[in-house]
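In what follows, a structure is listed as structure tokens, so that the remarks can point back to it.
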Amino acid sequence: MRLVLVLGDQLSADLSALQKADQENDLVVMAEVVAEASYVPHHPKKIAFTFMAMRKFAQSLRDAGWRVAYTALDDPENTGSITGELIRYAAQNDAAGVVYTEPGEWRLIQELADMPLRSHVLPDTRFIASHSDFENWAEGRKQLRMEYFYREMRRKTGLLMDGDKPEGGKWNYDHDNRKPAPDQVDFDGPLRFSPDNAVMDLVAERFSDNFGDLQPFWFAIDSDQANAQLDHWIDAGLPKFGDFQDAMLQDQPFLYHSLISFYLNAGLLDPLDVCQRVEAAYHAGKAPLNAVEGFIRQIIGWREYMRGIYFLEGPAYTARNGLGHERALPDMYWGAPTRMNCVAQAVKQTKEHAYAHHIQRLMVTGNFALLAGIDPAAVHKWYLAVYADAYEWVEAPNVIGMSQFADDGIIASKPYISSGNYIHKMSNYCGSCAYRVQDKTGEKACPFNLLYWHFLDRHRDRFSGNPRMGNMYRVWDRMDAEKRTTVLTEAEAWLTKLDQGDAV
Ligand code: FAD
Ligand code: DLZ
Ligand code: SF4
3 MRLVLVLGDQ LSADLSALQK ADQENDLVVM AEVVAEASYV PHHPKKIAFT FMAMRKFAQS
63 LRDAGWRVAY TALDDPENTG SITGELIRYA AQNDAAGVVY TEPGEWRLIQ ELADMPLRSH
123 VLPDTRFIAS HSDFENWAEG RKQLRMEYFY REMRRKTGLL MDGDKPEGGK WNYDHDNRKP
183 APDQVDFDGP LRFSPDNAVM DLVAERFSDN FGDLQPFWFA IDSDQANAQL DHWIDAGLPK
243 FGDFQDAMLQ DQPFLYHSLI SFYLNAGLLD PLDVCQRVEA AYHAGKAPLN AVEGFIRQII
303 GWREYMRGIY FLEGPAYTAR NGLGHERALP DMYWGAPTRM NCVAQAVKQT KEHAYAHHIQ
363 RLMVTGNFAL LAGIDPAAVH KWYLAVYADA YEWVEAPNVI GMSQFADDGI IASKPYISSG
423 NYIHKMSNYC GSCAYRVQDK TGEKACPFNL LYWHFLDRHR DRFSGNPRMG NMYRVWDRMD
483 AEKRTTVLTE AEAWLTKLDQ GDAV
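Under my numbering, think of the first position of the sequence shown as 3, with each following residue one higher.
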């Protein structure tokens, strides 16, 4: 007999390791271990979600006839690591080896490869593009632009295709998806489910020092519940998803977003099935093309592309720091007070829900970290810890590449930076802020305004030749010299206060 490892983000009945295993003889191993629960200080909701979903999945395997060895975190025999548990169960059961599906993180891939047990590693087939599909696509290209990869995925899946042409005549309807925040949101957010109370007690006891609120816990914890959330959102959220995808509203953490990334990444939902159901809503006339295409692009485009980059670039990717940013991550990311309302809002809902939507991650917390020159490794660890959907294969390319431009432009053709004006246009945050978004200098000047120019000025050598950034430099250069000095001096003074730990 062999052991069959199932990790906390491999909770799919059609996992390649389970398909390859022999249900009569093999033993499935699942383990809650300190090593996985603490490689970063995960948000308590993320840990609780993982353990609850793991326990339910283990039960569903037993119900389907599998033998399952499940180690709970507080089991006195628990060795504390995945490899430790495999070695322990292998010895106890005289196992001939281990079958497993490739993990989504280099750290664990390496640990498992170094394990003194005979192993059979299988590809993770829960994605649309395999490693070799992505490598073949990337081969010989000067630039790895998501848009072209996405078109390949549309052709491969047949999603929103009209023969060999894109549905509606265009591949991408992003242009229609940039409406500013609506006055009111007529979608009541995700479905709320009951937690497993034994796990709630365990996580409260062991992880209460971690950043993040455990209560109220509302996540789906099995695939039936996750599918119910998807149906609920397709009915009520999808029709306006496209229009307000980039909008942000005070005390409205969810807007029209689907809240399925945790479920997809843990294996409770299948990406192709999700997209096919969303496409069916379009053909049934229940949702417009801009919403449906925008959503499908996020999943078969961005999500698959990010995974492709993570595996193509290798384990050194997370240490990249192309812009030489060294500043420590400010305490406001861990909930310390800040006068910047946009940052306070994004951090507050992250603390409450282990969730923020894409534009908050990219244009508020990510934009600020980039403008302020925060060490990308610290930014990466923060995102990996605080979001319930964060696993390195998807988090690192989003943070190191897309958000912090620390990979020198593999993912983004220019840094995603903006002054306060963008946040003002897309949200209602600025109206309740201690700073004034209209002020470019002075005591109340929005820090995004000061830091925007500070960033461009300090990275002039790197970016002034970028054709997409020439305009920004022309505006800066046309500014009166005295004004430029004031901006830079005020930005420096503001950063000094930030470094001193003042509540800026
Ligand atoms: P929706 O807005 O409803 O989008 C639908 C789905 O599209 C998501 O569930 C997700 O699976 C997929 N998707 C959308 N954008 C991306 C993207 N850029 N990369 C990969 N998938 C995408 N997503 C994660 O799943 N895990 C992460 O750790 C993560 N870290 C991020 C860090 C930064 C700095 C940024 C800018 C983005 C990050 N994202 C991450 C992408 C995106 O923010 C989340 O997938 C999304 O906010 C999840 O919420 P939702 O399910 O409501 O998504
Ligand atoms: C995120 C997570 C946590 C918090 N705990 C566990 C765990 O105890 N056992 C486990 O098998 N998986 C856990 N996970 C998910 C893993 O960290 C994830 O499988 C790897 O990071 C690879 O993506
Ligand atoms: Fe954020 Fe500046 Fe607007 Fe305040 S004024 S909410 S700091 S963008």
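Beta carbons are placed, not taken as given, at the ideal position from N, Cα and C, and that holds for glycine. Computed from a predicted model, the values in this text were never measured in an experiment.
Handout entry: G326 beta carbon near ligand 5 (any heavy atom closer than 8 Å)
Key = Ligands present in the displayed structure are limited to ligand 1, ligand 2 and ligand 3, and ligand 5 is not among them.
Exercise for the section: Indicate whether T332 and L372 have their beta-carbon atoms separated by less than 9 Å. Expected result: Reading the sequence shown from its first residue, position 330 is the one you call residue 332. Reading the sequence shown from its first residue, position 370 is the one you call residue 372. Residue identity differs from the one stated: residue 332 is Pro in this sequence, not Thr. Going by C-beta atoms, P332 is not nearer than 9 Å to L372.
Problem - Rounded straight-line distance, which links the Cα of M334 to that of F136 - result: As a position in the sequence shown, residue 136 is number 134, starting the count at 1. As a position in the sequence shown, residue 334 is number 332, starting the count at 1. Distance between the alpha carbons of F136 and M334 is about 38 Å.
Problem - the region 304-320 contacting the region 133-149, beta-carbon criterion three pairs below 8 Å - result: yes
Exercise for the section: Would you decide whether Q359 is buried or exposed? Buried here means 16 or more other CB atoms lie within 10 Å of its CB. Expected result: If you number the sequence shown from 1, residue 359 lands on position 357. The amino acid at residue 359 is misidentified as Gln; the sequence shows His. So H359 counts as buried.
Exercise for the section: Give a yes or no on whether the C-beta atoms belonging to S429 and P184 are separated by under 9 Å. Expected result: Here residue 429 is taken as the residue at index 427 of the sequence shown, counted from 1. Here residue 184 is taken as the residue at index 182 of the sequence shown, counted from 1. Against a cut-off of 9 Å, the Cβ pair of P184 and S429 comes out as no contact.
Exercise for the section: Classify S260 as helix, strand or coil using the three-state DSSP reduction. Expected result: Locating residue 260 in the sequence shown gives position 258, where the first residue counts as 1. S260 falls in the coil class under three-state DSSP.
Handout entry: Segment contact flag, the region 452-460 with the region 471-489, C-beta cutoff 8 Å, min 3 pairs
Key = yes
Practice task
Mind listing, in chain order, the continuous alpha helix (DSSP H) runs of no fewer than 4 residues lying wholly within the region 400-470?
Solution key: 422-428, 449-460, 462-465
Exercise for the section: Would you mind stating whether S40 and L124 have Cβ atoms separated by less than 9 Å? Expected result: As a position in the sequence shown, residue 40 is number 38, starting the count at 1. As a position in the sequence shown, residue 124 is number 122, starting the count at 1. Cβ distance not < 9 Å, so S40 and L124 don't count as in contact.
Practice task
Give a single yes or no on whether A293 has its beta carbon closer than 8 Å to a heavy atom of ligand 1.
Solution key: Residue mapping note: residue 293 aligns to position 291 of the sequence shown, counting from 1. Checking the Cβ of A293 against ligand 1 gives no.
Handout entry: Where M32 falls, given that 16 or more other Cβ within 10 Å makes a residue buried
Key = Residue numbering aside, residue 32 sits at position 30 when the sequence shown is read from its first letter. Result: buried.
Practice task
Compare the beta carbon distance of I376 and H327 with 9 Å and say whether it is the shorter of the two.
Solution key: Residue numbering aside, residue 376 sits at position 374 when the sequence shown is read from its first letter. Residue numbering aside, residue 327 sits at position 325 when the sequence shown is read from its first letter. The answer is yes: Cβ separation under 9 Å.
Practice task
Pair every Cβ in the region 465-474 with every Cβ in the region 432-440, then say whether three or more of these pairs are closer than 8 Å.
Solution key: no
Problem - Beta-carbon spacing of D116, T85 below 9 Å - result: Your numbering for residue 116 matches position 114 in the sequence shown. Your numbering for residue 85 matches position 83 in the sequence shown. Yes, these two residues count as a Cβ contact at 9 Å.
Exercise for the section: Give a yes or no on whether the C-beta atoms belonging to Y175 and G296 are separated by under 9 Å. Expected result: By one-based count along the sequence shown, residue 175 stands at place 173. By one-based count along the sequence shown, residue 296 stands at place 294. Yes, they are a contact pair.
Exercise for the section: Report the rounded CA-to-CA distance for V205 versus D76, giving the unit in angstroms. Expected result: As a position in the sequence shown, residue 205 is number 203, starting the count at 1. As a position in the sequence shown, residue 76 is number 74, starting the count at 1. Using only the alpha carbons, I get a separation of about 10 Å.
Problem - Span separating the alpha-carbon of G214 from that of E207 - result: Along the sequence shown, one-based indexing puts residue 214 at 212. Along the sequence shown, one-based indexing puts residue 207 at 205. Taking the straight line from one Cα to the other gives about 14 Å.
Handout entry: L20 CB to nearest heavy atom of ligand 2 below 8 Å
Key = The sequence position of residue 20 within the sequence shown is 18, counting from 1. No, the beta carbon of L20 sits no closer than 8 Å to any heavy atom of ligand 2.
Practice task
Taking 6 Å as the limit, tell me which residues put their C-beta closer than that to any heavy atom of ligand 1, in chain order.
Solution key: H259, S260, L261, I262, S263, L266, N267, F297, Q300, I301, W304, R305, M308, H359, H360, R363, L364, G368, Y385, Y389, D391, A392, V396, E397, N400, V401, M404, S405
Practice task
Count the C-beta pairs between the region 219-227 and the region 336-352 that are closer than 8 Å, then say yes if the count reaches three, no if not.
Solution key: no
Problem - Best match in Q94, A140, P43 for proximity to Y312 [C-alpha to C-alpha] - result: Within the sequence shown, residue 312 is the residue found at index 310, counting from 1. Among Q94, A140, P43, the Cα nearest to that of Y312 belongs to A140.
Handout entry: R305 - DSSP class collapsed to helix/strand/coil
Key = For this step, residue 305 is matched to residue 303 along the sequence shown. R305: helix per DSSP, three-state reduction.
Handout entry: Among E87, I89, G10, G67, nearest to A50 - alpha-carbon criterion
Key = Counting from 1 along the sequence shown, the entry for residue 50 is found at position 48. Among E87, I89, G10, G67, the Cα nearest to that of A50 belongs to G10.
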